[in-house]
Every structure is written in C-alpha cells, then in structure tokens.
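Inspection log for the structure reproduced underneath, given as structure tokens.
2 protein chains.
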Amino acid sequence: MNHQQLPNLWIAIPDSSLSDEQTIRDKSIKICQFARACSIFRVSKIYIYHDSSQRLRSQDLVLLTTILRYLDTPQYLRKRLYPHSRELAYAGILHPLSSPHHQELQRFEDVKVGDIRVGVICQVNGQYCADVGLDGLVLLETRKKNFVNKINVKITATKPILKGVEARPDDIRTYWGYDVLEARNLVELTETLPNTHIILTSRKGRYITNVDPEIFAIKSPDNVLMVFGSPKKDVDEIVASEGKKIKISYMMLNTFPLQATRTVRLEEAILGSLAILNFMLLKGNIGN
Amino acid sequence: MNHQQLPNLWIAIPDSSLSDEQTIRDKSIKICQFARACSIFRVSKIYIYHDSSQRLRSQDLVLLTTILRYLDTPQYLRKRLYPHSRELAYAGILHPLSSPHHQELQRFEDVKVGDIRVGVICQVNGQYCADVGLDGLVLLETRKKNFVNKINVKITATKPILKGVEARPDDIRTYWGYDVLEARNLVELTETLPNTHIILTSRKGRYITNVDPEIFAIKSPDNVLMVFGSPKKDVDEIVASEGKKIKISYMMLNTFPLQATRTVRLEEAILGSLAILNFMLLKGNIGN
C-alpha cells in the first residue's frame, strides 16, 4: 500500500483562521495543530484564502504562513532560513511534525547515492552548492542559473566529493511535506484548480454518511480540496460575502454528524475531517 | 436521527496520559483537548486505567480526573463544587465544552415543567433542595435520604414554588456529558464490561479500512470501548506489563493508516479515532 496510489489531498483555510485567539502564543499553538493534522494525513498543499467577510489582519496572515512553512522545514535548515522574528517567538514550544523529509543532521559518510534531502542553495567560488544538513556541502551538477532558495537534492556521488542534482518530482516516493499558497478569494481558488474535487465543510452540509459513494469514487491521480470556514463564519457565508454562490458540483458536507458540542473548533474540524477522508480515500482507492 | 439509536461510546486512557507534558498549564490544555473530543462525539464514560508499565504519578491522575469533571460541570455549579485548587489554576484558559447540559443561568420564570437541569443538593429547614442554576432553589419531592452531591433534576412544578424530582435515565433524551471512572488495570477493566465491544487503538493494529464489516455490525444498545495507549507505551505493551495477553476477541486497530508523521499524539489519536468511529457507527446503525 502506497500513498502515491491515493488522490492528492489539499486543504484551504481562511486568513481569518486565527480570529478566535488573542495572543501570539495561542495563535502559534493553533497553527501548529493545523500543521500536525496536515502532516499526519499527507496534505501536500495548504491554501490560505482571503475571507472577504472580515477585515484582513495581515499580521495573522504573516504568522500563519511563516509558522506553517517553518514547521515544514527540516530542523537543520531552520537557522539558515529563519532568522529570529516576532512570528517565531513561540516556535520553541511547538510540537515537531517529524515528517519523512525531516531527516537528522548527518555525517556525510552516512549518506548514500540516491538519498534525497531538502537543501538550501549557496554559491562557493561561483559554483552552486547546497546545504542539506550534512557536515559538508553538496556540489550541485546543474546548468540552471536561477534557483528558489530551498530545493530537494538527490545525491549522485559521495566520492571523491559529495555531488547532487535537483530532484525531480517522481524521484520522491514518500510524503514530502506541504506547500503553503495564498489565494485572493475562495471562489477564484476553487474554480481554477483542474481535476479537483471540492469538498466544503459546514455544519449546514449533508451528513458525510450520506455521500460515501461520491467520495469513494474519487480516484488517484485526481485532487481533493477540503475547504474550511473561519471560527466566525461558515464557508457559505464567506462565499456569499464574495457576492457569489456555491457551485452545485461542489459537495458541502458535515463531517461531524450528531455533534454534541455547540461548536467544533477549526483545529478540531481539520483533524477530524481529514481522519474520515483518509479512511474513505484509502477504502475507495486501495480497498484494504 | 437520534444519538440514542447508536451504541454507547466510551473511551479508556491511561493514568500516564500526561507524561509527555511538563507544566500544569500544558497538561491542563491536553486534558481539555480530551474533554472536547469526548464531548463532540457523545462519549458517555471516560475510564482512566492504571498504566502498569509506569510509576503512578498520582498528581497527574488527580489533575486528569479533576479537570475532566470540572469541564463537564455546568458553569453555574462550578464555584459551588470546585473551590480554588492547584489543579484548576489554568481552568480559566481552557475552551468550554458547551455540551447540551451546560445550560445558562436562568431566571426561574423562564423554566418550564419537564425541563431537566444539573443541580447540587442542599438542605433548607430539613428539606432537600437543589441549586440548578436558577435564581431560586428547587424543592425536591423525594423520600430518599442519601444523594450524591450532583444530580439531574426534572422540574415538576413552577408555581406556587419551584418543585422537582431526581430525573430518571430515560428522562434524558440528549447527550448529557460523561462520567469519569478509574480502573485498576486495563485487563480487569476490559474483561468486566458486559455487552461491550473492545477496540484497542495501536499503530501495530490492522488498518481500520480492513475491518469495517465488524464495526458496522456493532448495534445499539451495545457499548463500544475504545482504548488508547500512553504517549510512551502502546496498548499491547501496557497489557504485557500486566503479565497478560490481549484477548483474541478484541479488535486492535490502526485508525491512522499511512500516517506520515513519526507519531500521532494522544489528543490527536482520540479526536481522529472518534471521528472515524462516529462515522462508522452512524452508518452501521442509522444508515444515512
């Protein structure tokens, strides 16, 4: 059984996701709960869309994107990529994700040809190298001139010197963390994603027990985007604030049938909904 | 659709559940996460069993039982039942459960015959009364001499004075919170519960996707007990430390198939497992 046989799992949360928390500490902990839930269930994209029903709190947006990306970064690269900042004041108390790409700092004798590690680009004597958390740099065999700062490096030689290339997507055969992407609004986001099944989560939606044939029918390599509302507004209210209506082809689902508490918190909704979706997608695509 | 058509849902967690948290603040927040997950999914009993593989931390046990019970208590009774204590130092920052029995403080003109409210017993002029969060006491019509401190009161008259009786279990038609119970060990607990399906959660268990016919077959009014291990030991290791083996009739299930993080935290395991179980029990008992 292999997660690559499953549909790609993405989520979308609003930039108002932190609006029910007061302090940077509590906001940081909530973001970490989002990151943990996404990492457990192999979510590969986290979209943060603008909630048009609320005034943009740009500080919250920066906090969200910064902490989500920080937690997804292997520990050996954090000092290099994240200088001290206000947003990361509480990074030390957050639970680590321990995702598969979060390898340990290693001695370079222990690395093998074919290994893939997340690295940061640097230039030494005009040549591109990467820091991939070994006790030496990897010389990059490439003719490219422009790199994003953070790349995946595949080791191609260990002797006499450590060499590598930028890994291609199909070199990576395990869950490799998530990308954090911003979207101007929800309608634009959901209408521009190809081969993507949109699931809106809402207490007003149909009980998820009612729609399992539709979810079991979602097959790899399609994508599933699960959209969450804010602590204050439901998904349909956010769409309405954009002056739009929800497309009929989208599923609007209540993933907490018969909930006994008055509300389900966003961090609870994400974990619980992903747990059920993981179960259903696995069942629908691999069987047992 | 009604939760009374579903099997009773219970969980068991070890008294070592807090062993990966250092401060009373963090322990309190973790307990609140347990309480929230149980309340969302209508868990009616929380068993705390002794983890024989660890030295008993009696302070953690007191913290667990105290905060769980405190959070399940309606706010209007908390001051009366819970004087200030070390265990409740962080009660103020915990998210409320807002369960159905957490009614608001009300004026007694607004209460109706047949209403049920949680109350605390007191004696006035030799007669039993109950404080049920109204601006007056309810006179209890009873010949009983012994009461537990906290009872459910059904209002039987509002004029000329407020009267009530102790509610019977079948008077209560909605989720009414959980009881917190202690168990000496896991084997003794699981072997003494009648009509109860035992589900042990463990990464070593069978994928839950493999056993759905067995779970769909669990019918009301049976009970389901979902057992969780500790942050440090798996359920089977805890059973082994009792010198016992796991009964073949128990299901040992992995509710996080293909998990990508190295570990799933206990608070995540409880919420995610209950989300899937809620879905499956609903599907198996009510259909849609």
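From first to last, the protein sequence lines are chains S and X.
The first sequence begins at 0 in numbering that gives the first Met the number 0 and counts up one residue at a time.
The second sequence begins at 0 in numbering that gives the first Met the number 0 and counts up one residue at a time.
Cβ coordinates follow ideal geometry from the N, Cα and C atoms, glycine included.
Keep in mind it's a predicted model, so treat the numbers as computed, not measured.
CB of residue i to nearest heavy atom of the ligand FMN: below 7 Å?
i, result
"Val110(S)", "The model on display carries no ligand, and the ligand FMN is accordingly not part of it."
Using a C-beta cutoff of 8 Å, does residue i count as contacting chain S?
i, result
"Leu93(X)", "no"
"Tyr89(X)", "no"
"Phe107(X)", "no"
"Ile217(X)", "no"
"Leu185(X)", "no"
"Phe33(X)", "no"
"Gly271(X)", "yes"
"Glu267(X)", "yes"
"Ile275(X)", "yes"
"Leu281(X)", "yes"
"Pro99(X)", "yes"
"Arg68(X)", "no"
"Ser38(X)", "yes"
"Leu199(X)", "no"
"Gln258(X)", "yes"
Are residue i and residue j closer than 8 Å when you measure CB to CB?
i, j, result
"Leu273(X)", "Tyr48(X)", "no"
"Ser16(X)", "Ser229(X)", "yes"
"Ala129(S)", "Val110(S)", "no"
"Arg35(S)", "Leu80(S)", "no"
"Thr18(X)", "Asn184(X)", "The sequence shown places Ser at residue 18(X), not Thr. Cβ distance not < 8 Å, so Ser18(X) and Asn184(X) don't count as in contact."
"Arg106(X)", "His94(S)", "no"
"Leu199(S)", "Val223(S)", "no"
"Thr195(X)", "Asp221(X)", "yes"
"Pro6(S)", "Leu280(S)", "yes"
"Glu266(X)", "Phe33(X)", "yes"
"Asp71(S)", "Lys26(S)", "no"
"Lys149(X)", "Val117(X)", "yes"
"Asn277(X)", "Pro256(S)", "yes"
"Pro82(S)", "His100(S)", "no"
"Ala239(X)", "Gly283(X)", "no"
"Gly271(S)", "Gly271(X)", "yes"
"Arg41(S)", "Leu8(S)", "yes"
Tell me which same chain residues have a C-beta within less than 6 Å of the C-beta of residue i, skipping the five on either side of it?
i, result
"Ser98(S)", "Ser38, Gly176"
"Leu76(S)", "Val119"
"Asp20(X)", "Here residue 20(X) turns out to be Glu, not Asp, going by the sequence shown. Taken in chain order, the residues that qualify are Lys26, Lys29."
"Ala156(X)", "Lys162"
"Gln258(S)", "none"
Can you round the beta-carbon distance between residue i and residue j to whole angstroms, since I take them to be within the 8 Å contact cut?
i, j, result
"Tyr89(S)", "Ile23(S)", "6 Å"
"Ile375(X)", "Thr260(X)", "In the structure displayed, chain X extends from 0 to 287; residue 375(X) sits before or after that span and is not available."
"Ile115(S)", "Ile171(S)", "6 Å"
"Ile285(S)", "Gln4(S)", "6 Å"
"Thr141(X)", "Val112(X)", "So it is not a contact: roughly 17 Å between Cβ atoms."
"Ile269(S)", "Ile66(S)", "Actually they do not touch by this definition, with Cβ atoms about 15 Å apart."
"Gly135(X)", "Leu161(X)", "6 Å"
"Ile45(X)", "Val179(X)", "5 Å"
Closer than 8 Å by C-beta to residue i: which residues in its own chain qualify, once you throw out the five before and the five after it? Chain order, please.
i, result
"Gln126(S)", "Leu138, Leu139"
"Glu241(X)", "Ser51, Asn184, Leu185, Val186"
"Arg68(X)", "Val179"
"Pro212(X)", "none"
"Gln122(X)", "Cys128"
Short of 7 Å in beta carbon distance, which residues of its chain neighbour residue i, apart from the five on each side in sequence? Order them along the chain.
i, result
"Ile275(X)", "Ile207, Thr254"
"Val210(X)", "Met250, Leu252"
"Glu86(X)", "Val61, Leu62, Thr65, Ile66"
Is there a Cβ of chain X sitting closer than 8 Å to that of residue i, yes or no?
i, result
"Ala289(S)", "The structure shown does not extend to residue 289(S), since chain S is modelled only from 0 through 287, so no value can be given for it."
"Phe227(S)", "no"
"Tyr249(S)", "no"
"Ile214(S)", "no"
"Ile30(S)", "no"
"Arg41(S)", "yes"
"Tyr174(S)", "yes"
Entirely enclosed beta strand (DSSP E) segments - the segment 116-196 of chain X, minimum 3 residues = Within the segment 116-196 of chain X, the complete beta strand (DSSP E) runs of at least 3 residues fall at 126-130, 137-139, 149-156, 162-165, 178-182.
Within the segment 203-284 of chain S, ranges of the beta strand (DSSP E) (whole runs, at least 3 residues) = 222-226, 250-253
task = Identify every run of the beta strand (DSSP E) within the segment 84-112 of chain S, keeping only runs that are complete inside it and at least 3 residues long; order them along the chain.
result = none
query = At what residue ranges does the segment 39-88 of chain S contain a whole run of the beta strand (DSSP E), taking only runs of 3 or more?
reply = 42-48
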